[in-house]
Amino acid sequence: MVCPSDPKRKALSPLGRRIVIYTVVFSSVVTLIISILQLVNEFTQRESMVRAQLDSVDVLLPSIAESVWTFNESQISLALQALTSMPNMEKATITTAEGRIWSRGRETSTHTIARTFTLERQTSRGREALGTLDLLAGTDAVYLAVLTLTAEILFGNAIKTLMVAGFMGWLIHRLVISRLPPLKREVEALLDGLDPPIGGGPAETAANRPSGDEIDILRGSFACMAARLNDALGTMRKAKDELHQANQALDSRVRDKTAQLEESKKVAEEAAEAALRAMGEQRNFLSMVSHEFRGPLSTITGAAQLIAIYGGGHSELADEVAKIHRALGRMSNLINEYLNEERLDSAASPLDAARFDLGGMVEDACASGLFSTNDRPLDVSTEPGVFVFGDSALMSIAVSNIADNALKFSPADSPVTVTLRRRDGFAAVTVRDHGPGIPPDEQERIFEKYYRSIRTDRVCGVGLGLYLVKRIVDLHGGTIAIDSPPSGGTAFTVSLPLA
Ligand SMILES: Nc1ncnc2c1ncn2[C@@H]1O[C@H](COP(=O)(O)OP(=O)(O)OP(=O)(O)O)[C@@H](O)[C@H]1O
Ligand SMILES: [Mg+2]
């Protein structure tokens, strides 16, 4: 789109030149009309003065008539001299009824006013005509004076008009024209952000007009902008319509998809409910089976102990009995963990709580011998009379699990110690081993369900033990801490409030 361009810079811009010319013409015409009126008025006044002067001769008529009646030549001559010496008066002539003529002066002007007076005398028969007095006044001086005045007025008004026009031009240039180019530039800056209209537009016609001044250029810019805005609006409307249609299509697709999703959700919910029901039934069944395992297990444990006692110190038999014990311990742990996880998960208040002797409980748990490995005894040391409030069976499982880990994950020839101490109003059970230790980044994770470190995955286990320990300790309002220095070895400390 070709937009209006600035006209070449001249001393006076096209608009300024036009304003000056219009002002000069208008002012000249007005001044001329006023001047003509003024001059006509002036001429009429001056001519009236000459006529009044002629009329004023009226008062001299009786004495002139007397001089004519008496034929007093010297008096007549004096009267004529007095008359011709009056301003503008050029010629005076007395003519008697008998035809005698006295005249003075001569006609010099091209424009004159003539006046004739009758000379009369009063007789007993009435008024008697003696002759006439003819006067001739010149008005060339009046014309000359008016002409001079005309020249003065025209010259003065021309200067005044030029000054006013110049001042007007300067004033309008300063107040209006000088502000137009910045305005045009701003419009053009706006135009730059708009696409050109299809097929040019009216702006180009105005812009390219050779006689166009600043206003034409600016008008062209505005027309150009209007055309582009119009196009932009048209494009926007089109885009809006398309967007509206797309929205409607999208809405309908979203509605279809939502209905499909609702349907799928319903099916999934029904499937999940069915799965939950099936899982519940399965868990109930497993709980029942696990529970029923406990009786036979204790029978087998008792029988294995009897075999060991009455085996007569047969070494092979003793090894086999030890294997049976380890297998029983492992099985018993698994069943306990499963049953207790079930219990912790399902019961609203799983604690069978009472005040109990923690030292006794720790010693019983460590002496039970139902650990994954029975390759060495635990080194147990408990402070007497340490009582806590809680579920002793659950706490026993917690301590057994920690002790089991210590035995499992440390070398067979290293000691495992279990201590119970009072510490700042708490009972602290610490199980310490000399195994590989637990790196800091795993110390949080080992309490997660089924988490097992890859460093120890050769040792059997399912990753439930510490998860249960943490839950049991939390239920008792206690804490569990790990101390595992880089040099190796691990100490788990369970702290419970004293009762
Ligand atoms: N004393 C320990 N020394 C080194 N690693 C340990 C010790 N105790 C626990 N761990 C690490 O923590 C993991 C989780 O222990 P957790 O008792 O939960 O599971 P598990 O003993 O492997 O299996 P489960 O106890 O169910 O038979 C273990 O696999 C082991 O990697
Ligand atoms: Mg364990």
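Numbering (my numbering), first residue to last: 519 to 1017.
We put the CB at the ideal spot given by N, CA and C, even for glycine.
On a predicted model such as this, the values are computed, not experimentally measured, just so you know.
Coil, strand or helix - residue i by DSSP
| i | result |
| --- | --- |
| A683 | helix |
| V904 | coil |
| P1015 | strand |
| A836 | helix |
| D942 | coil |
| W961 | At residue 961 the sequence reads Gln, which differs from the Trp that was named. In the structure shown, Q961 sits in coil (DSSP, three-state: anything other than H, G, I, E or B). |
| A866 | Its pLDDT being 46, under 50, A866 is placed unreliably by the model, and the measurement read from it follows with that caveat. Correct three-state label for A866: coil. |
| E966 | coil |
| G820 | helix |
| L982 | coil |
| A724 | Below a pLDDT of 50, predicted positions are generally treated as unreliable, and A724, at 45, falls in that range; the measurement from the model is reported next regardless. Helix, per DSSP. |
| L637 | strand |
| M607 | strand |
| D931 | coil |
| M519 | In this prediction, M519 scores a pLDDT of 45, lower than 50, which makes its location untrustworthy; no coordinate-derived value is stated. |
| S770 | helix |
| V898 | strand |
| D893 | coil |
| T937 | strand |
Residue from the options with nearest C-alpha to residue i
| i | options | result |
| --- | --- | --- |
| G674 | F944, S546 and R703 | S546 |
| T679 | A821, S833, D893 and V538 | V538 |
| V660 | I671, V682, P605 and P699 | P605 |
| S1013 | T937, S1002, G955 and G1007 | T937 |
| P933 | R873, G1007 and D870 | G1007 |
| L955 | S1005, V558, V906 and T997 | Correcting the residue identity first, residue 955 is Gly in this sequence and not Leu. For G955, the nearest C-alpha among the options comes from S1005. |
| P699 | S739, Y828 and V682 | S739 |
| P1015 | G829, F561 and F907 | F907 |
| G687 | A1009, A744, L533 and N892 | L533 |
Start and end residues, beta strand (DSSP E) containing residue i
| i | result |
| --- | --- |
| I998 | T997 to D1001 |
| Q556 | Segment P532 to D573 is the alpha helix (DSSP H) holding Q556; no beta strand (DSSP E) there. |
| I619 | I619 to G623 |
| L651 | G644 to G656 |
Check: residue i C-beta below 7 Å from any heavy atom of ligand 1
| i | result |
| --- | --- |
| L982 | yes |
| K841 | no |
| D897 | no |
| D900 | Note that residue 900 corresponds to Thr in the displayed sequence, not to Asp. The answer is no for T900. |
| I964 | yes |
| G847 | no |
| R989 | no |
| V844 | The sequence as given places Arg at residue 844; Val does not occur at that position. R844 Cβ: outside cutoff for every heavy atom of ligand 1. |
| R970 | yes |
Start and end residues, alpha helix (DSSP H) containing residue i
| i | result |
| --- | --- |
| D922 | S910 to F927 |
| M879 | L876 to A885 |
| T588 | L579 to T588 |
| L701 | L698 to D710 |
| T602 | E591 to T602 |
Buried or exposed by the 16-neighbour rule on C-beta atoms within 10 Å, applied to residue i
| i | result |
| --- | --- |
| Y985 | buried |
| R622 | buried |
| I552 | exposed |
| A721 | For A721, the predicted model reports a pLDDT of 46, less than 50, meaning its position is unreliable and no value from the coordinates is stated. |
| D897 | exposed |
| M607 | buried |
| C742 | buried |
| E732 | buried |
| I626 | The question names Ile, yet the displayed sequence has Thr at residue 626. Classification for T626: exposed. |
| T819 | buried |
| A597 | buried |
| A921 | buried |
| T541 | buried |
| L768 | exposed |
| T657 | buried |
| L761 | exposed |
| L693 | exposed |
Contact test: residue i Cβ vs ligand 2 heavy atom, cutoff 7 Å
| i | result |
| --- | --- |
| G955 | no |
| N923 | yes |
| G908 | no |
| N892 | no |
| N919 | yes |
| G979 | yes |
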